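Accompanying notes for the structure given below.
Numbering (the working numbering), first residue to last: 579 to 1061.
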């Protein structure tokens, strides 16, 4: 274990303080992060926690060793929204009997999960150590790992859950300190609740662990009838299956603090009889788009795929690592305004860094201690990036013989942070074809499309220079690779 690991400090939502991180077992540092519900393609807000906790995963591996960190990020593939999407997309086949609802659900979730994996790989994210699917942990398992039905049975046996109106509900009053994470007072919730809406509940704050399924809905056999799990119990089962009853870090977006993470804690602690579920709770801030809350009604709702592959945001496609840097330029706990201007700033910064890093022949240097120290202060990426900018300046000013140490350190830092530092791949035929297409737009005086193509090539590190053939006087365009 590196001595630098002693300097790692993380903000703990549970205590509302920044604390020195002390792993339960430094030979097996364990982290769980709530993953996507795969009823639709992941949007740009979903990308933020994936990127943030990828940086933490990389930092933990650097400090404790790659084989000494277990990172679990789940996939939720059983959900009422998924059922609705399956009925929407495959309603005709289901009605005709050519496709069962379960098969339709599988098609929906496979398609969206595969797209999610492609998206986050393009964003420079490592694969988690384990990626469990909720549907694999509903019933008791042959390998003996934790499952949802067994956890629910244990909660009933211990007096923390009850059956009412076809549902199994968690009894919040059975847990005296329920609400510690969100700092919500249970008595206040009860006083302000509309009890008549859920008359079968003992307390207005009680939440569903298991609900019955109609013949048209997916379901599993259980002691309480054919049904399906509530949302919160899924993560309690999957985290316990791979990380144990108590683990080091649990992460997710700020919107998950209540009710999801609060209820995860309640289920897990009461089922296992532990004082905590995870020692450190980390949450990234909200995301807005051009100063407004992202919503389909406002027309500012963008999937990761749209940003990467279409020209719907700012009139152009955006490279994955530009999206990654734009996300990390704001501290993870702060709200972020996702804008074209921020992406352009990230693109320009990344281009300067890469040009400087290219002055080193290969990435063989160590990541500078200053970069690690910055990230060890609650993932202070902005401070780490200041170090990268300083290294870029030193690398470009270097004029001596021998290896450019600043460039080598910069290249190592970029690779460590998830940015591609490999040699630029140039498809000369494709560039020539694109330039010819741009010249056609220029001839038609379609300056907007000509400028768009120029900017798109520049984003890929290809800089165009327009001029005239000295003999014929015709317009010609030359190009060169500039990071």
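Glycine residues also receive a C-beta, built at the ideal position from the N, C-alpha and C atoms. Owing to the predicted nature of the structure, the values given are computational and were not obtained by experimental measurement.
8 Å CB neighbourhood of residue 740 in its chain, flanking five on each side removed: Excluding positions up to five away in sequence, the list reads 734, 746, 747, 749 and 780.
Alpha carbon to alpha carbon, how far is residue 868 from residue 603? Taking the straight line joining both Cα atoms gives about 43 Å.
Look up residue 1043 in the DSSP assignment and say whether it is helix, strand or coil. Here residue 1043 carries a strand assignment [DSSP, helix/strand/coil].
Grouping DSSP H, G and I as helix and E and B as strand, with all else coil, what is residue 807? strand
Environment of residue 862 [buried if 16+ CB atoms lie within 10 Å]: With 16 or more other Cβ atoms from the protein chains shown falling within 10 Å of its own Cβ, residue 862 counts as buried.
How many whole angstroms separate the CB atoms of residue 619 and residue 881, which I take to be in contact at a CB cut-off of 8 Å? 4 Å
Confirm, please, whether the CB-CB distance from residue 1016 to residue 1042 is below 9 Å. yes
In terms of DSSP beta bridges, what is residue 991 paired with? Answer by DSSP bridge pairing: none, since residue 991 is not bridged.
For residue 932 versus residue 999, is the C-beta spacing smaller than 9 Å? yes
Other residues of its chain near residue 596: CB distance less than 6 Å, five sequence neighbours each side excluded: 587, 589 and 956
DSSP three-state call for residue 594: helix, strand or coil? Residue state, collapsed to three classes: coil.
Just how far apart, CA to CA, sit residue 967 and residue 812? 43 Å
Looking at C-alpha atoms only, which residue of 761, 685 and 698 is the closest neighbour of residue 594? 761
Would you call residue 960 buried or exposed, if buried means 16 or more other Cβ atoms sit within 10 Å of its Cβ? Its Cβ having fewer than 16 others within 10 Å, residue 960 is exposed.
Going by DSSP in three states, residue 609 sits in which element: helix, strand or coil? strand
Under the rule that 16 or more other beta-carbon atoms within 10 Å means buried, what is residue 1014, buried or exposed? exposed
Out of 971, 925 and 1057, which one is the CA nearest neighbour of residue 1006? 1057
Out of 656, 630 and 759, which one is the CA nearest neighbour of residue 1097? Absent from the structure is residue 1097, since the part of the chain shown begins at 579 and ends at 1061.
Counting Cβ pairs closer than 8 Å, one from the segment 601-617 and one from the segment 642-651, do we hit at least three? Between the segment 601-617 and the segment 642-651, the count of C-beta pairs closer than 8 Å reaches three or more; the two stretches touch.
If residue 661 sits next to residue 795, beta carbons under 8 Å apart, how far is it from one beta carbon to the other, in whole angstroms? 6 Å
Suppose contacts are defined by Cβ-Cβ distances below 9 Å. Is residue 901 in contact with residue 701 by that definition? yes
Within 10 Å of its beta-carbon, does residue 624 have 16 or more other beta-carbons around it, so buried, or fewer, so exposed? buried
Return the chain-ordered list of same chain residues with a C-beta closer than 6 Å to the C-beta of residue 591, the five sequence neighbours on each side being excluded. 859 and 861
With DSSP as the reference, identify every bridge partner of residue 1062, one or two as the case may be. Look at the range of the chain in this structure, 579 to 1061, and you will see that residue 1062 is not part of it.
Using DSSP bridges, identify the partner residues of residue 708. 650
For residue 716 and residue 670, the rounded distance between their alpha carbons: Cα to Cα, residue 670 sits roughly 28 Å from residue 716.
When you compare the CB positions of residue 667 and residue 615, do they come within less than 9 Å of one another, or not? no
Per DSSP, what kind of secondary structure is residue 1015 in: helix, strand or coil? helix
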